[in-house]
Each structure stands twice: as C-alpha cells, then as structure tokens.
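For reference, the structure discussed in these notes is given below.
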Amino acid sequence: MKRSSPVVLYLSLSFTFHVFAVATPCGKCTDIEGHHFRLPVQGFKTDYDGCVIVMDIMPCKYLCYKPYVRRDQIEQWRNRPDGIACTYTYNNNTLEKPYMITIHKECKQGICF
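Quick note on numbering: the sequence shown equals residues -23 to -1, 1 to 90 in mature numbering (1 follows the signal peptide of the UniProt record, and there is no 0).
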C-alpha cells in the first residue's frame, strides 16, 4: 500500500491542476498596452495569422479578432485569397418573372467578381 500512495497523490494533483488550468486558460493575459483580455472559447476557426474568425457571412471577406494587439487593431476585416470560388446572387427584376439568379465567380480583392 505504501507504493500506491505516491501514485494516488500524483494522479489527484495532476487532475486538480488540469481542472484549474482549463478553467482559466490564460491566467492574467495582457495585450501590448497592458489591458487584460481573455482568449475566445474553443471551436472558433483561425486564419493564417492566428486571427480568430468571429463573423464569416460574406463570401470574400471575414471579420477576425486579435485580442493581443493594440486596441485599434483588435477587430480586422480581411479579404479571402484571390481566386477562391464564391457565389454571387442577384434579383432579375423583370416584370414577367422576378427570380433570383446565382452565378459562380471568384474572389478578387475582397469582392466576388
């Protein structure tokens, strides 16, 4: 029994540290200007620069969040790379048959051309 007590102690301490580490993933994180921030929850996508994508509703642009940079650069609209496929939908306003038309195009400088 004496040999198993260090194992039990090790497992209980590692579990305790794991639980508290998950509850506060960043501790006291600060940005460049010294303001505190919290990292976003898991499940968000990030782009090539580590910017967390928070809004992805436009075909060729997305809004991302970088909590660790200066305050004026936290939220950034970024363009998708040129050549990415996108769909462009518009309303064909004819008096006879109004209907929506969808065309497959490509992103160029943040616009679906």
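Quick reminder that beta carbons are idealized off the backbone N, C-alpha and C, glycines included.
Label residue i either buried or exposed according to how many other C-beta atoms from any shown protein chain fall within 10 Å of its C-beta, with 16 as the threshold for buried.
{"i": "Pro17", "result": "exposed"}
{"i": "Tyr25", "result": "exposed"}
{"i": "Tyr76", "result": "exposed"}
{"i": "Asp59", "result": "exposed"}
{"i": "Phe(-4)", "result": "With a pLDDT of only 43 at Phe(-4), under 50, the local geometry of the prediction cannot be trusted, and the value read off the model is given with reservation. Burial call: exposed."}
To the nearest angstrom, how far is the alpha carbon of residue i from that of residue j?
{"i": "Asn68", "j": "Thr79", "result": "9 Å"}
{"i": "Lys85", "j": "Asp33", "result": "17 Å"}
{"i": "Thr64", "j": "Met35", "result": "10 Å"}
{"i": "Gln53", "j": "Lys22", "result": "15 Å"}
{"i": "His81", "j": "Arg15", "result": "39 Å"}
{"i": "Cys6", "j": "His13", "result": "6 Å"}
{"i": "Glu73", "j": "Leu40", "result": "39 Å"}
{"i": "Gln50", "j": "Val31", "result": "15 Å"}
{"i": "Glu83", "j": "Thr66", "result": "13 Å"}
Could you give the C-beta distance for residue i and residue j, rounded to a whole number, given that I count them as a contact under 8 Å?
{"i": "Tyr45", "j": "Val29", "result": "Going by Cβ atoms, the distance from Tyr45 to Val29 rounds to 10 Å, so no, they are not a contact pair."}
{"i": "Arg47", "j": "Ile9", "result": "6 Å"}
{"i": "Cys37", "j": "Arg57", "result": "5 Å"}
Name the two residues that bound the continuous beta strand (DSSP E) containing residue i.
{"i": "Glu83", "result": "Tyr76 to Lys85"}
{"i": "Glu73", "result": "No beta strand (DSSP E) contains Glu73, which DSSP labels as neither H nor E."}
{"i": "Arg55", "result": "Glu52 to Asn56"}
Mind checking whether the beta-carbon of residue i lies closer than 8 Å to any heavy atom of the ligand ATP?
{"i": "Asp26", "result": "Absence of the ligand ATP is noted for the structure shown, with no ligands found whatsoever."}
**Study point:** Start-end ranges of the beta strand (DSSP E) lying completely within the stretch 11 to 50, minimum 3 residues
**Key:** Within the stretch 11 to 50, the complete beta strand (DSSP E) runs of at least 3 residues are 29 to 32 and 38 to 42.
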